[in-house]
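**Q** The structure's right below; bear with me while I get my questions together.
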Amino acid sequence: MSTADWGVVDDEIVGRLRDIVGPEHVKVDDGAVAAFARDATPLYAARPDVVVMPGSAAEVAEILRLATRARVPVVPRGAGSNLAAGTLAEAGGIVLVLTRMDRIVEVNADELLAVVQTGVTTAELAAAAAADGLLYVPDPGSKTVSTVGGNVATCAGGLRGLKYGVTRNYVLGLEAVLPTGEIIRTGGRLWKDVAGYDLTRLLTGSEGTLAVITEVTVALVPMPATSRTGVAYFDSLATAGRAVAQVIADGVVPATLEFLDNKCINAVEDFAGLGLDRTAGALLLFGDDGAPDVVEQNLERMARTCEKQGASGVTMAREVAESEALLAARRCALPALARLAPVTVLEDVGVPRPRIADMVARIDDIAERHGISVATFGHAGDGNLHPTAVLDPSDGDAAERTKAAIGEIFSAAIELGGTITGEHGVGAAKLPWLQDRLGAEQMALLSRIKTAFDPAGILNPGKTGSQEL
Ligand SMILES: Cc1cc2nc3c(=O)[nH]c(=O)nc-3n(C[C@H](O)[C@H](O)[C@H](O)COP(=O)(O)OP(=O)(O)OC[C@H]3O[C@@H](n4cnc5c(N)ncnc54)[C@H](O)[C@@H]3O)c2cc1C
């Protein structure tokens, strides 16, 4: 059967869905369905036939059994905040919205873990952990809206990657529903468990193509006693890059190590007036958390290293409030850039840390050749860059030029030994470049894994593992 032979979402299917979840949780009217034709990825849209909001794993299982039998596509969706067109129903069918499953089942300070349903937001989980003096480490910029299930499905990152790792480092166990309707539990409450293939890791980052995650068990860590931040200005990203290398060579693993290029510095300054040095080629935010005396020492060491490596100015926050003010420069980068034009395309590539400056130079060159505006900020500590294009889609072929430039940016990242996505995922938007990153053999293996989980190919078609639509 070819992927074009999808089942039709007819009145009978809609009636069965209403029986499973209750009529109020099935949306077919134009307005409601249209709201799910987009996620946070600009320049992409695809409309589902029906939107279904299950309330339990058992309901998810019934829906998936029905969809597999009728061969109707199903696209799992949390908050829809992904930036890779990962929740677009490219073949129509059902968008399965999991935000009703929003219960914090348990926060266990003795075992340093929490169990949550998939639709709990990242910020709600972090707040519940903090109430018990614990830290849930993954902190994507979208945390007030993004769901824990969505974070697991994309293996979300954030600002703490170098010192603490990303979502995959904190997922201990999952409850997930296979497309054929079986409910499985992978991993659990154990830090050490090597029984069988590591399906927890396989599902983490699987972007809704292998199974629907319904419950997550995550590891927590004790809340650091304090955290502090400093800022250093450099004449160029290349000089900032040398400072980053030396900070790490000195044996400090910073909790924060973020950079902004000159275009970002100026956009942030126009937006928020933080008193940043507009003439600097790059700004580096560095910081640490932990015991106050260690944090003090590490911050001091990082500041001295930046100075020795040629920083034109270095400021260290004395208090938490001052640290927050410095971090605002990074937090403002996206809203500041978003003000510059009607559409903001926030991209995400990764390169080995020593290649960051080369990558930014390549990005600037590509942007100039295509006549588009791209500013870059990102995680200097883990080599994850966010080139961000701003455009007015009504301006001739601006959207096409932007897409072409982004494609070249992906190719440049691969050439520099990097990747087409550090944390946002592949979705539909980056699928055309996945083979360049992985090679034909791995692509074929991904396809076979996909078929083992999802023999009818119903789960999130048009994304990783599927055949062409
Ligand atoms: C302003 C902004 C800032 C951001 N900052 C960051 C950042 O710092 N770091 C980062 O990594 N990302 C960031 N993102 C991207 C995005 O928020 C993350 O990818 C997030 O993890 C998506 O969560 P979600 O609940 O919105 O998932 P969705 O967008 O709804 O879905 C994302 C993917 O996961 C799948 N999925 C969702 N739920 C499930 C489930 N229960 N079971 C199986 N599959 C599922 C979907 O099919 C889709 O492929 C940002 C986005 C925005 C808009």
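Heads up: take any position in the sequence shown, counting from 1, add 7, and you land on our numbering.
Note that beta-carbon positions come from the ideal geometry of N, C-alpha and C, so glycine has one too.
Being a predicted model, the structure only gives us computed values, none of them experimental.
Out of 231, 90, 129 and 406, which has the shortest C-alpha to C-alpha gap to residue 223?
**A** Closest by alpha carbon: 129.
**Q** Looking at ligand 1, does it come within less than 8 Å of residue 290, judged from the CB to the closest heavy atom?
**A** No, ligand 1 has no heavy atom inside 8 Å of this Cβ.
**Q** With a CB to CB cut of under 6 Å and the five nearest residues on each side skipped, what residues in its chain are close to residue 50?
**A** Same-chain partners within the cutoff: 406.
**Q** By Cβ distance below 7 Å, which residues in the same chain neighbour residue 442 in space, the five residues on each side in sequence not counted?
**A** Only 450 meet the Cβ criterion.
**Q** Residue 337 lies in the alpha helix (DSSP H); which residues open and close that run?
**A** Residue 337 -> alpha helix (DSSP H) spans 327–338.
**Q** Can you list, in chain order, the residues of its chain with a C-beta nearer than 6 Å to that of residue 147? Leave out the 5 residues immediately preceding and following it.
**A** Counting only Cβ-Cβ distances below 6 Å, and skipping sequence neighbours, we find 153, 163 and 165.
**Q** Would you say the beta carbon of residue 472 is closer than 8 Å to some non-hydrogen atom of ligand 1?
**A** Checking the Cβ of residue 472 against ligand 1 gives no.
**Q** Quick check on the DSSP output: what are the complete alpha helix (DSSP H) runs of length 4 or more inside the segment 26–70, in order along the chain?
**A** With a minimum length of 4 residues, the continuous alpha helix (DSSP H) runs that stay inside the segment 26–70 are 37–41.
**Q** Are there 16 or more other CB atoms within 10 angstroms of the CB of residue 367, so buried, or fewer, so exposed?
**A** Buried, by the Cβ-count rule.
**Q** Can residue 185 be considered in contact with ligand 1, in the sense that its beta carbon sits closer than 8 Å to one or more heavy atoms?
**A** It does not: the Cβ of residue 185 is nowhere closer than 8 Å to a heavy atom of ligand 1.
**Q** Considering only heavy atoms of ligand 1, does any lie closer than 8 Å to the CB of residue 158?
**A** Yes, since a heavy atom of ligand 1 falls inside the 8 Å radius drawn around the Cβ of residue 158.
**Q** Which of the three DSSP states, helix, strand or coil, is assigned to residue 373?
**A** Note: residue 373 maps to helix in three-state DSSP.
**Q** At the level of alpha carbons, what is the spacing between residue 285 and residue 242?
**A** Near 11 Å, if we compare the C-alpha coordinates of residue 242 and residue 285.
**Q** Is the segment 113–130 touching the segment 90–100 in the sense that three or more CB pairs, one from each, lie closer than 8 Å?
**A** As far as the Cβ criterion goes, the segment 90–100 does not touch the segment 113–130, which means the pair count is below three.
**Q** In angstroms, rounded to a whole number, what distance separates the CA positions of residue 89 and residue 238?
**A** Going by the C-alpha atoms only, they are around 29 Å apart.
**Q** Let's see if you can read the secondary structure: which residues bound the alpha helix (DSSP H) around residue 311?
**A** From DSSP, the alpha helix (DSSP H) with residue 311 extends over 299–315.
**Q** Within its chain, find whatever has a CB closer than 6 Å to the CB of residue 332; leave out the 5 residues flanking it on each side and keep chain order.
**A** Correct list: empty, nothing qualifies.
**Q** Using only CA atoms, which one of 132, 27, 84 and 63 lies nearest to residue 45?
**A** For residue 45, the nearest C-alpha among the options comes from 84.
**Q** At a threshold of 8 Å, does residue 70 count as lining ligand 1 (C-beta to nearest heavy atom)?
**A** The answer is no for residue 70.
**Q** Can you tell which of 115, 399, 74 and 280 has its C-alpha closest to the C-alpha of residue 103?
**A** Checking every option, the nearest Cα to that of residue 103 belongs to 74.
**Q** If I measure Cβ to Cβ from residue 387 and keep anything under 8 Å in the same chain, skipping five residues before and after, which residues do I get?
**A** Contacts found: 247, 248, 251, 264, 265, 266, 291, 360 and 363.
**Q** Residue 467 by DSSP, collapsed to three states: which one?
**A** Coil at residue 467, not helix or strand.
**Q** Use the C-beta contact count for residue 355: other C-beta atoms within 10 angstroms, 16 or more gives buried, fewer gives exposed.
**A** Classification of residue 355: buried, given that the 10 Å Cβ count is 16 or more.
**Q** Look at residue 261 and residue 463 and say whether their C-beta atoms are less than 9 Å apart.
**A** No, the Cβ-Cβ distance between residue 261 and residue 463 is not below 9 Å.
**Q** Could you please give the first and the last residue of the uninterrupted beta strand (DSSP E) stretch that includes residue 268?
**A** Its beta strand (DSSP E) spans residues 263–268.
**Q** Just to confirm before moving on: does the CB-CB distance between residue 30 and residue 101 stay below 9 Å?
**A** The answer is no: Cβ separation not under 9 Å.
**Q** What does a CB cutoff of less than 8 Å around residue 179 pick up in its chain, not counting 5 residues either side in sequence?
**A** So the list reads 120, 194, 195, 196, 197, 198, 207, 224, 225 and 226, once near-sequence residues are dropped.
**Q** Starting from the Cα of residue 391, find the closest Cα among 383, 229 and 398 and give me that residue.
**A** Of the candidates 383, 229 and 398, the one whose C-alpha sits nearest the C-alpha of residue 391 is 383.
**Q** Looking at ligand 1, does it come within less than 8 Å of residue 427, judged from the CB to the closest heavy atom?
**A** No, since every heavy atom of ligand 1 falls outside the 8 Å radius drawn around the Cβ of residue 427.
**Q** Run the proximity test for residue 32: is its beta-carbon closer than 8 Å to any non-hydrogen atom belonging to ligand 1?
**A** No - ligand 1 has no heavy atom lying nearer than 8 Å to the Cβ of residue 32.
**Q** Mapping the DSSP letters down to three states, classify residue 8 as helix, strand or coil.
**A** For residue 8, the predicted structure reports a pLDDT of 47, less than 50, and the residue's modelled location is therefore unreliable. The matter cannot be settled from this model.
**Q** Please classify residue 8 as buried or exposed, where buried requires at least 16 other C-beta atoms within 10 Å of its C-beta.
**A** Model confidence at residue 8 stands at a pLDDT of 47, short of 50, so the residue's coordinates are unreliable and nothing is read from them.
**Q** Leaving out five residues on either side along the sequence, give the residues of the same chain with a beta carbon under 8 Å from the beta carbon of residue 303.
**A** The answer, listed in chain order, is 235.
**Q** Could you round the C-beta distance between residue 212 and residue 389 to whole angstroms and report it? I think they count as a contact, below 8 Å.
**A** Residue 212 to residue 389, Cβ: 16 Å. No contact.
**Q** Residues in its own chain within less than 7 Å of residue 335 by CB, not counting five upstream and five downstream?
**A** The answer, listed in chain order, is 279 and 281.
**Q** Return the chain-ordered ranges of every beta strand (DSSP E) run that is complete within the segment 396–433 and spans a minimum of 3 residues.
**A** Counting whole runs of 3 or more residues, the segment 396–433 contains no beta strand (DSSP E) stretch at all.
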